[in-house]
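Before any comments, here is the structure.
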Amino acid sequence: MLSQQADGALLSPTDPMVVIAILKTSGVPKTLDTVIAGESLFNDGIGVVFMIILELSSAGREVTAGRTMWFFTQEAVGGLALGLAIGYLPTCCSNWSIINSLR
């Protein structure tokens with residue numbers, strides 16, 4: 031039963047790319063587009079956390095509220111750090127190429 035719930039947790043969040051595509055074609059304001067896209071990505075993260083917690087539970091490992099919150103915090107902070115790193119790298123490369131073109 032837990033394995034099926036884990037599958038449901040993984041499949042239930044909406045696909046952010048589909049949501050973004052629909053919003054772009056419908057002409058909604060940019061602020062609403064940003065809020066809905068962010069909420070959709072947050073739902074994906076929650077789905078992954080629930081799926082992993084349910085899989086651990088179905089494998090017989092002890093799952094507590096504290097462990098679940100710690101795992102969610104790790105995922106949120108890790109996602110933020112990875113996003114910042116991925117965003118920072120192109121910025122540095124872009125600045126470097128601009129500086130070199132001015133020489």
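Under this note's numbering, the first residue of the sequence shown carries the number 31, and numbering increases by one thereafter.
Here a beta-carbon is modelled for each residue, glycine too, at the ideal position from N, C-alpha and C.
Predicted, not measured: the structure shown is a model, and the values here were computed from it.
Can you check whether the CB of residue 76 is closer than 7 Å to the CB of residue 98? In this structure, residue 76 does not lie closer than 7 Å to residue 98 by Cβ.
Anticipated Cβ contact below 8 Å, residue 78 with residue 86, distance rounded: Residue 78 to residue 86, Cβ: 13 Å. No contact.
Does the beta-carbon of residue 81 have 16 or more other beta-carbons within 10 angstroms, so that it is buried, or is it exposed? With 16 or more other Cβ atoms within 10 Å, it is buried.
From residue 72 to residue 65, what distance separates their C-alpha atoms? 10 Å
Going by Cα to Cα distance, which pick from 124, 120, 56, 48 is closest to residue 70? 48
So, with DSSP's three-state summary, where would you put residue 59? coil
Apart from the five residues just before and just after residue 105, which ones in its own chain have a Cβ nearer than 8 Å to its Cβ? 75, 78, 79
7 Å is my cut-off, CB to CB: does residue 121 come that close to chain C? Of the protein chains in this structure there is only one, and it is not chain C.
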